[in-house]
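Data first, discussion second: the structure below is written as structure tokens.
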Amino acid sequence: MTLAPRSEVKLAGVHSDLVRVVRRADEMGATFHVTCGLRTVEEQKALV
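Residue numbers (the numbering used here): 87 to 134.
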């Protein structure tokens, strides 16, 4: 499997270790989509 191009775009700026985990899970057959990648401080504060 390969991640959808949209998911790949959302991984831009995300820590490389997390990107590796996401890609490995995809290789193992996990089906998911990355809906949010890097958040700003303001976005994160709004969620807590």
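Backbone N, C-alpha and C define an ideal beta-carbon position, used for all residues, glycine too.
What you are looking at is a predicted structure, and each value in this text was computed from that prediction instead of being measured.
The Cβ neighbour count for residue 108, taken over all protein chains shown within 10 Å, is at least 16; the residue is labelled buried. One Cα belongs to residue 97, the other to residue 127, and the distance between them is close to 17 Å. In this structure, residue 87 lies away from residue 129, with their beta-carbon atoms at least 8 Å apart.
Cβ contact annotation for residue 117 (same chain, cutoff 8 Å, sequence separation greater than five): 87, in chain order.
Out of 132, 101, 115 and 103, the CA that lies nearest to the CA of residue 89 is found in 115.
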